[in-house]
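Q: Supplied in structure tokens, the structure appears directly below.
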Amino acid sequence: MTRDFLIDGREADDFSELEEGIAQVMKTIYDPEIPVPIWDLGLIYGWEIADGADGKDVTVRMTLTAPNCPAAETLPAEVEQGVNALEGVGRAAIDLVFVPSYSMEMLSEEARLTLGLM
Numbered sequence: 001m002t003r004d005f006l007i008d009g010r011e012a013d014d015f016s017e018l019e020e021g022i023a024q025v026m027k028t029i030y031d032p033e034i035p036v037p038i039w040d041l042g043l044i045y046g047w048e049i050a051d052g053a054d055g056k057d058v059t060v061r062m063t064l065t066a067p068n069c070p071a072a073e074t075l076p077a078e079v080e081q082g083v084n085a086l087e088g089v090g091r092a093a094i095d096l097v098f099v100p101s102y103s104m105e106m107l108s109e110e111a112r113l114t115l116g117l118m
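Residues in the sequence shown are numbered consecutively from 1, following the UniProt record's numbering.
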């Protein structure tokens, strides 16, 4: 199963239990420079879930606010660790992408409110 939030948006009413868990993990991880979860920042572009030998293999496609982001080493590792801790996940991996480039249009309404952009 593949989700592409750049095409479909981040709010889906047909998330599986595992996908709900993945989304919840993303809502607990904050960019260290911005007081907003990476989910609301729009840093999660999507994921792919496939059957693996030891459970579900999950590959999260994400970006950073900038390629030279100070959290470039820690943020993807935190996402990988959080997804790996979910029940039913055999292996989690991060696909760090920079195309398309991150922009402020990717912010959720909640993030815009928090950052005073509304």
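The beta-carbon is built from N, C-alpha and C at its ideal position, and this holds for glycine as well.
Got a sec? Which residues, its chain only, sit under 6 Å from aspartate 4 by beta carbon, not counting five neighbours each side?
A: Within the same chain, aspartate 4 has close Cβ partners Gly46.
Q: For residue 161 and leucine 41, what's the separation of their Cα atoms in angstroms?
A: Absent from the model: residue 161. The displayed extent of the chain is 1 to 118, so no value can be given.
Q: With distances taken from CA atoms, which of Ile38, Gln81, Glu48 is nearest lysine 27?
A: When only C-alpha atoms are compared, the closest one is Ile38.
Q: In whole angstroms, give me the CA-to-CA distance for arginine 10 and glycine 90.
A: Roughly 24 Å separates the two Cα atoms.
Q: Tell me whether the beta-carbon of valine 79 lies closer than 9 Å to the beta-carbon of methionine 62.
A: Cβ atoms of valine 79 and methionine 62: closer than 9 Å.
Q: Identify, in the order they occur along the chain, each residue of the same chain with its Cβ nearer than 8 Å to the Cβ of isoleucine 114, setting aside the five sequence neighbours on each side.
A: The displayed chain sequence assigns threonine, not isoleucine, to residue 114. Excluding sequence neighbours, threonine 114 sits near Pro35, Val36, Asp40.
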